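The structure under discussion appears below in the form of structure tokens.
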Amino acid sequence: MKQPITDKVIYASVGEHHISAISESGKLYTWGNNEHNQLGLSADIIDASLNDPVVVNSISDISLIKVSNGYLSTIAITKDGSVLEWGDFNFPAAENSQTMNIGIPTKILLEKPGKIVDADSGFFFDLLLTEDGTVLGRGNNKYGQILPDGPVYIDCFTEVSLPEEIERVSAGHDHVLALSKSGNVYVWGNNKYGQLGLPISDSEPPTKLLLGEKVIALSAGNNNSVFLTASNTTVVTGDNTAQTFGVLDVKNSTIKSLYITNYIENEKLQSFVQINSGYSMSTAIDYKKRAYVWGTSWNGCLGNNSVNNINEPSRMAFFMQNCNQINTVYGVTTILTEDGDIYTCGNNQNYLLGLGHSVNMWEPEKVKLPGPVARFYSGPNATIAHLVNGDWYTWGDNQFGSLLTQNTTQYKLPVKIALPFDVQLISSHITHTLLLDRNGCVYQYGDPLRTKEQAQDPISPFVKIDLPEEAIEIATTYSGCYVLGQSGTLYAWGDNTDSHLGLPNKVRYSEPEVVPYCDNIADISVSPMFGMVLVLTDEGKILTWGYDVLRISGEEILSIPTVVDLPGKISVVVSGDLTAYVVDTSGQIFTWGGVINNSKRQPQRTPIVFPYKFSTMSN
Numbered sequence: 259m260k261q262p263i264t265d266k267v268i269y270a271s272v273g274e275h276h277i278s279a280i281s282e283s284g285k286l287y288t289w290g291n292n293e294h295n296q297l298g299l300s301a302d303i304i305d306a307s308l309n310d311p312v313v314v315n316s317i318s319d320i321s322l323i324k325v326s327n328g329y330l331s332t333i334a335i336t337k338d339g340s341v342l343e344w345g346d347f348n349f350p351a352a353e354n355s356q357t358m359n360i361g362i363p364t365k366i367l368l369e370k371p372g373k374i375v376d377a378d379s380g381f382f383f384d385l386l387l388t389e390d391g392t393v394l395g396r397g398n399n400k401y402g403q404i405l406p407d408g409p410v411y412i413d414c415f416t417e418v419s420l421p422e423e424i425e426r427v428s429a430g431h432d433h434v435l436a437l438s439k440s441g442n443v444y445v446w447g448n449n450k451y452g453q454l455g456l457p458i459s460d461s462e463p464p465t466k467l468l469l470g471e472k473v474i475a476l477s478a479g480n481n482n483s484v485f486l487t488a489s490n491t492t493v494v495t496g497d498n499t500a501q502t503f504g505v506l507d508v509k510n511s512t513i514k515s516l517y518i519t520n521y522i523e524n525e526k527l528q529s530f531v532q533i534n535s536g537y538s539m540s541t542a543i544d545y546k547k548r549a550y551v552w553g554t555s556w557n558g559c560l561g562n563n564s565v566n567n568i569n570e571p572s573r574m575a576f577f578m579q580n581c582n583q584i585n586t587v588y589g590v591t592t593i594l595t596e597d598g599d600i601y602t603c604g605n606n607q608n609y610l611l612g613l614g615h616s617v618n619m620w621e622p623e624k625v626k627l628p629g630p631v632a633r634f635y636s637g638p639n640a641t642i643a644h645l646v647n648g649d650w651y652t653w654g655d656n657q658f659g660s661l662l663t664q665n666t667t668q669y670k671l672p673v674k675i676a677l678p679f680d681v682q683l684i685s686s687h688i689t690h691t692l693l694l695d696r697n698g699c700v701y702q703y704g705d706p707l708r709t710k711e712q713a714q715d716p717i718s719p720f721v722k723i724d725l726p727e728e729a730i731e732i733a734t735t736y737s738g739c740y741v742l743g744q745s746g747t748l749y750a751w752g753d754n755t756d757s758h759l760g761l762p763n764k765v766r767y768s769e770p771e772v773v774p775y776c777d778n779i780a781d782i783s784v785s786p787m788f789g790m791v792l793v794l795t796d797e798g799k800i801l802t803w804g805y806d807v808l809r810i811s812g813e814e815i816l817s818i819p820t821v822v823d824l825p826g827k828i829s830v831v832v833s834g835d836l837t838a839y840v841v842d843t844s845g846q847i848f849t850w851g852g853v854i855n856n857s858k859r860q861p862q863r864t865p866i867v868f869p870y871k872f873s874t875m876s877n
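First residue of the sequence shown? That's 259 in the numbering used here, and the numbers climb one at a time after it.
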């Protein structure tokens, strides 16, 4: 008989064609389609459909804390941690499975006894969560929702293998989300609509979703997923056909990678604390330690799982928070988080990403290292990481000896190396590397005069450079080296036959020479591939030479250090291969070069104001 809900509802669940609700007193109300006994009513109620809520009298003396409606079935958790089930559990594609059609709520007898604290149902499959954080699954396994590569239907509740304890589980149509007690998210199952937020195929084992910060709530929809992070940011992925996410600026019906909704207040960009430029793209970290990318999406270096270029700074979806360091060189983007984890994406030719394979990565993936990283140094061929415990690891393309291993062996994964002194800074290039120790001494590994044709010749390891003073900064170009002395004098050596080193003669310099016209230098930034040099003087002026984006000389190479006409006093310099950024003492950023696309799609030949601020606060 019809019994209106008279007390407060504390939980409700909507299935394909039926609804269930638990009242404050613990009673269960159901209504909707009942053709498959999914309402759990007594046998004397034969209505195929009920428009009004009805109390499930057979369990009126049992207090419920949660109910979950599946496709044609229902499960509920009692206050004492037991689980009840009723309805049609027969997956149409299953062969040789048990017939399960239960008319009234019936207790599930689990093989391993334990208290159940959460449950959810998808398309003919059910999930249970035990008090100790274990996930159990039963039913439709077509997309590996329960067991990867298992049978299409699993008759009894089976443990889902996960690397840590889970506190919340959510089932979509045929995908699953799990939230760990530490705030991590694991996803698995069908990914046709991008509902997993990862570039993986179906039926893979549970995969950690990289959101960059702790997640506090999640929900799996029919073919989509929604996450709420600790910073109150909403992240969505999957089917957006009916604009389910309330995202009006996305035209596609599916969002196949994590998308940060643009109506969240804390999404607004205020200022950068780091900025870096590489080959036709730029990266930055803002004051909330979130990663931003813009420029050309070469081989996935923007990390947003898209071939589309980005014309203005946009959040890198997987790293919304907790970024300590970011760098991009030659199509490789590398990020270090506060936890000491390193993630890479982009160009993976010759194992540049250190992931054990050579497939380009369009979304960031964690590099496996034996401990947390304190800092990393990136060059065109190598990334060198300094672990918190003092160990050094390196990875990348070693065909020219770039990995400091004293050989040219190619390594697919990071390899441990030994450095014979206390290193403070590293500047790495293809044929040579500079290392600065804490005593101000500079060591050279390899040789900038060594050609690629000499790649298999013996490598000169760790030669101390003879300098008249202690060094405070180092930099390398494709065939040259720079050292900044503590007096503000700049030294250079290498192959200057193209005049890119700022030295007076077009010759090969084997020993350091003073770069003329450069007095009282405070900082230097050199683009790794093309050799554009920016130096900052004590007075806040900028000098440039090498690759001439500004075309000051009318030629591609500017051979003489020349002042860049900029207003105000400059405090930060960043030289990319095609783009330069400088920051004045007020935090205003100026830029020129190739990443900023003007209306004519030509490089910017004069410095312009970049419409974002820079903060000197600690990052």
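Even glycine gets a Cβ: it sits at the ideal position worked out from N, Cα and C.
Only a predicted model underlies this, so the values are computations on that prediction, with no experimental measurement involved.
Check your understanding: Can you tell me whether P869 is buried or exposed, with buried defined as 16 or more other CB within 10 angstroms of its CB?
Key -> The residue given as residue 869 occupies position 611 in the sequence shown. Looking at its Cβ environment, which holds fewer than 16 other Cβ atoms inside 10 Å, P869 is exposed.
From E814 to Y805, what distance separates their C-alpha atoms? Taking the first residue of the sequence shown as 1, we reach residue 814 at position 556. Taking the first residue of the sequence shown as 1, we reach residue 805 at position 547. Straight-line measurement puts the Cα of Y805 at about 6 angstroms from the Cα of E814.
task: Over the uninterrupted beta strand (DSSP E) stretch that includes N585, give me the two end residues.
output: Along the sequence shown, read from residue 1 onward, the residue named residue 585 stands at position 327. C581 to V587 is the extent of the beta strand (DSSP E) around N585.
* To do: Please list, in chain order, all residues of the same chain as L645 whose beta carbon is under 6 angstroms from its beta carbon, the five residues on each side excluded.
  => Translated into the one-based positions of the sequence shown, residue 645 becomes position 387. Apart from sequence neighbours up to five positions away, the residues of its chain that approach L645 with a beta-carbon distance below 6 angstroms are G629 and V631, ordered along the chain.
For S278, write down the residues that DSSP places opposite it in a beta bridge.
Walking along the sequence shown from the start, residue 278 turns up at place 20. Per the DSSP secondary-structure output, S278 pairs in a beta bridge with S271 and T288.
Query raised in the report: If you draw a straight line from the C-alpha of S379 to the C-alpha of G298, how long is it?
Result: Translated into positions along the sequence shown, residue 379 becomes position 121. Translated into positions along the sequence shown, residue 298 becomes position 40. In this structure, the CA atom of S379 is about 16 angstroms from the CA atom of G298.
- request: Take the Cβ of A729 as the centre, count every other Cβ of all protein chains shown within 10 Å, and call the residue buried at 16 or more, exposed below.
  value: The residue you call residue 729 lines up with position 471 of the sequence shown. By the neighbour-count rule (16 or more Cβ atoms within 10 Å), A729 is buried.
Mind pulling the beta strand (DSSP E) runs of 3 or more residues that sit fully within the region 724–756? Fully enclosed beta strand (DSSP E) runs of 3 or longer: 729–735, 738–743 and 748–753.
Note to self: Taking only three categories from DSSP, how would you classify N763?
What the structure shows: In the sequence shown, counting from the first residue as 1, residue 763 sits at position 505. Residue state, collapsed to three classes: coil.
* Tell me, please, which residues DSSP counts as bridged to N359. => Walking along the sequence shown from the start, residue 359 turns up at place 101. The partner list for N359 (beta bridge, DSSP) reads D346.
Review point. How would you label N605, buried or exposed, when you count the other beta carbons within 10 angstroms and need 16 or more for buried?
Key: By 1-based counting over the sequence shown, the position of residue 605 is 347. Buried, by the Cβ-count rule.
**Prompt:** Taking the DSSP output, what are the residues bridged to F848?
**Reply:** Looking up residue 848 in the sequence shown gives position 590. Beta-bridge annotation (DSSP): F848 is paired with V840 and V867.
Query - Own chain residues within Cβ distance below 8 angstroms of H276, not counting five before or after - result: Within the sequence shown, the letter at position 18 stands for residue 276. Excluding residues within five positions, the ones whose Cβ falls inside 8 angstroms are T288, W289, G290, N291, N292, Q296, L297, N327 and T332.
Nearest to K370 by CA position, among F415, I404, V410 and E462, is which residue? For this step, residue 370 is matched to residue 112 along the sequence shown. Cα-wise, what sits closest to K370 is F415.
Do the region 402–412 and the region 429–447 meet, that is, are 3 or more Cβ pairs less than 8 angstroms apart?
The way I'd put it, the region 402–412 does touch the region 429–447; three or more beta-carbon pairs between them come closer than 8 angstroms.
Worksheet item: Between the Cα of S636 and the Cα atoms of Q664, E621, I600 and Y669, which residue gives the shortest distance?
Response: Against the sequence shown, residue 636 aligns to sequence position 378. That would be I600, whose Cα lies nearest to the Cα of S636.
>> Out of R863, N569 and G845, which one is the CA nearest neighbour of S811?
In response: Numbered from its first residue, the sequence shown carries residue 811 at position 553. Taking S811 as reference, the option from R863, N569 and G845 with the minimal CA-CA separation is R863.
Beta-carbon proximity list for E422, same chain, < 8 angstroms, skipping 5 on both sides
By 1-based counting over the sequence shown, the position of residue 422 is 164. Within the same chain, E422 has close Cβ partners G391, S438, K439, S440 and N442.
Exercise. Using CA coordinates, which residue listed in C776, I584, N482 and V418 is at the minimum distance from Q532?
Worked result: By one-based count along the sequence shown, residue 532 stands at place 274. Comparing Cα-Cα distances from Q532 to each of C776, I584, N482 and V418, the minimum goes to I584.
TODO: Compute the Euclidean distance between the alpha carbons of H758 and I818, then round it to the nearest angstrom.
DONE: For the purposes of this step, residue 758 is taken as the residue at position 500 of the sequence shown. For the purposes of this step, residue 818 is taken as the residue at position 560 of the sequence shown. Those two C-alpha atoms are separated by around 9 angstroms.
Compute the minimum distance between the beta carbon of Y839 and the heavy atoms of the ligand COA, and state whether it is under 7 angstroms. Among the ligands in the structure shown, none appear at all, so the ligand COA cannot be discussed.
Q) The beta strand (DSSP E) with K624 in it runs from where to where? A) Against the sequence shown, residue 624 aligns to sequence position 366. Here the beta strand (DSSP E) through K624 covers M619 to K624.
Item to complete: Specify the secondary structure class of S555 as computed by DSSP and reduced to three states.
Response: Walking along the sequence shown from the start, residue 555 turns up at place 297. Note: S555 maps to coil in three-state DSSP.
Terminal residues of the beta strand (DSSP E) in which K799 lies: For the purposes of this step, residue 799 is taken as residue 541 along the sequence shown, with counting starting at 1. From DSSP, K799 is part of no beta strand (DSSP E); its letter is neither H nor E.
Subject >> Nearest candidate by alpha-carbon position, reference E471, set V772, N449 and S489 >> reply: Taking the sequence shown and counting its residues from 1, the one referred to as residue 471 is at position 213. Selected option, being the one with the closest Cα: S489.
Notebook entry, point to check: According to DSSP, what are the bridge partners of C603?
Noted result: In the sequence shown, residue 603 corresponds to position 345, counting from 1. In the DSSP secondary-structure assignment, C603 is bridged to T591.
- Query: When burial is assigned at 16 or more other CB atoms within 10 Å of the CB, is P825 buried or exposed?
  - Reply: For the purposes of this step, residue 825 is taken as residue 567 along the sequence shown, with counting starting at 1. Counting C-beta atoms within 10 angstroms of its own C-beta, P825 has fewer than 16 neighbours from the protein chains shown and is therefore classed as exposed.
Quick one: any contact between the region 666–679 and the region 649–656, if contact means 3 or more CB pairs under 8 angstroms? Yes, the region 666–679 is in contact with the region 649–656.
Check your understanding: Thinking just about the alpha-carbon of each residue, which of I335, M787 and V772 is nearest to the one in S737?
Key -> Stepping through the sequence shown from its first residue, residue 737 is reached at position 479. For S737, the nearest C-alpha among the options comes from M787.
6 angstroms Cβ shell around S785 - same chain, five flanking residues per side excluded:
Taking the first residue of the sequence shown as position 1, residue 785 is located at position 527. Closer than 6 angstroms at the Cβ level, and outside the excluded window around S785, lie S833, G834 and D835.
For G698, collect the residues of the same chain with a Cβ closer than 6 angstroms to its Cβ; drop the 5 residues on either side in sequence, then sort them by chain order. For the purposes of this step, residue 698 is taken as the residue at position 440 of the sequence shown. Excluding positions up to five away in sequence, the list reads E728 and A729.
Quiz item: Cα-Cα, which of Q528, D705 and G553 is closest to Y545?
Solution: Translated into positions along the sequence shown, residue 545 becomes position 287. Residue Q528 is the option with its Cα nearest to Y545.
Collapsed DSSP secondary structure at Y545 in the structure displayed: Translated into the one-based positions of the sequence shown, residue 545 becomes position 287. Y545 falls in the coil class under three-state DSSP.
Handout entry: Where V565 falls, given that 16 or more other Cβ within 10 Å makes a residue buried
Key = In the sequence shown, residue 565 corresponds to position 307, counting from 1. Sixteen is the threshold: since fewer than 16 other Cβ atoms of the shown chains lie within 10 Å of the Cβ of V565, the residue is exposed.
With a threshold of 7 angstroms on Cβ separation, who are the neighbours of L386 within its own chain once the five nearest residues in sequence on each side are excluded? Here residue 386 refers to the residue found at position 128 when the sequence shown is read from its first residue. If we look at L386 and ignore the five residues flanking it on each side, its Cβ neighbours are V341, I374, A377, L394 and F415.
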